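Accompanying notes for the structure given below.
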């Protein structure tokens, strides 16, 4: 759902006329979209930096496409590092989406 941009983010709900307020609930700035939630949001950036730091890495993407290219380049193989990164990325997406939902409900 994340990669295909099919998540019910506020920008998508606003396009369908379901909501009026489309500001990110995590950082309070920017329009909540997939790209904002996982790339631009200051809250998400802080979480992703902490995750990567725990894995001994440092990287911040500027765009969703750049982020995917980095993931594709670094998530190849079956080493322990790659497995940990795959789990970290999955956990990161889950945590951000859960925190977002928790703040709205």
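Numbering (the UniProt record's numbering), first residue to last: 1 to 105.
Here a beta-carbon is modelled for each residue, glycine too, at the ideal position from N, C-alpha and C.
Small disclaimer: the values here were computed from a predicted structure and weren't measured.
Of the choices 78, 37, 54, whose alpha-carbon is the least far from that of residue 67?
Reading the chain shown from its first residue, position 67 is the one you call residue 67. Among 78, 37, 54, the Cα nearest to that of residue 67 is on 37.
What first and last residue would you give for the alpha helix (DSSP H) that runs through residue 16?
As a working mapping, residue 16 is identified with position 16 in the chain shown. Looking at the DSSP string, residue 16 is not in any alpha helix (DSSP H), and its letter there is neither H nor E.
Which of the three DSSP states, helix, strand or coil, is assigned to residue 60?
Locating residue 60 in the chain shown gives position 60, where the first residue counts as 1. Note: residue 60 maps to coil in three-state DSSP.
Which of the three DSSP states is assigned to residue 47 in this structure?
Walking along the chain shown from the start, residue 47 turns up at place 47. Reduced to three states, the DSSP call for residue 47 is helix.
I'd like the ranges of any alpha helix (DSSP H) spanning at least 4 consecutive residues and lying wholly in the segment 61-86.
You should have 64-74.
Roughly how many angstroms separate the alpha carbons of residue 46 and residue 100, rounded to a whole number?
The residue you call residue 46 lines up with position 46 of the chain shown. The residue you call residue 100 lines up with position 100 of the chain shown. In a straight line, the C-alpha of residue 46 is about 15 angstroms away from that of residue 100.
Of the residues 85, 16, 10, which one's Cα is nearest the Cα of residue 55?
Numbered from its first residue, the chain shown carries residue 55 at position 55. The shortest C-alpha separation from residue 55 is found at 85.
Just the Cα atoms here: how many angstroms apart are residue 77 and residue 93?
Within the chain shown, the letter at position 77 stands for residue 77. Within the chain shown, the letter at position 93 stands for residue 93. So the alpha carbons of these two residues sit roughly 21 angstroms apart.
Between residue 75 and residue 41, what straight-line distance do the alpha-carbon atoms span, to the nearest angstrom?
Residue mapping note: residue 75 aligns to position 75 of the chain shown, counting from 1. Residue mapping note: residue 41 aligns to position 41 of the chain shown, counting from 1. Approximately 23 angstroms between the Cα atoms of the pair.
Taking the straight line between their C-alpha atoms, what separation do you get for residue 102 and residue 59?
Along the chain shown, read from residue 1 onward, the residue named residue 102 stands at position 102. Along the chain shown, read from residue 1 onward, the residue named residue 59 stands at position 59. Cα to Cα, residue 102 sits roughly 27 angstroms from residue 59.
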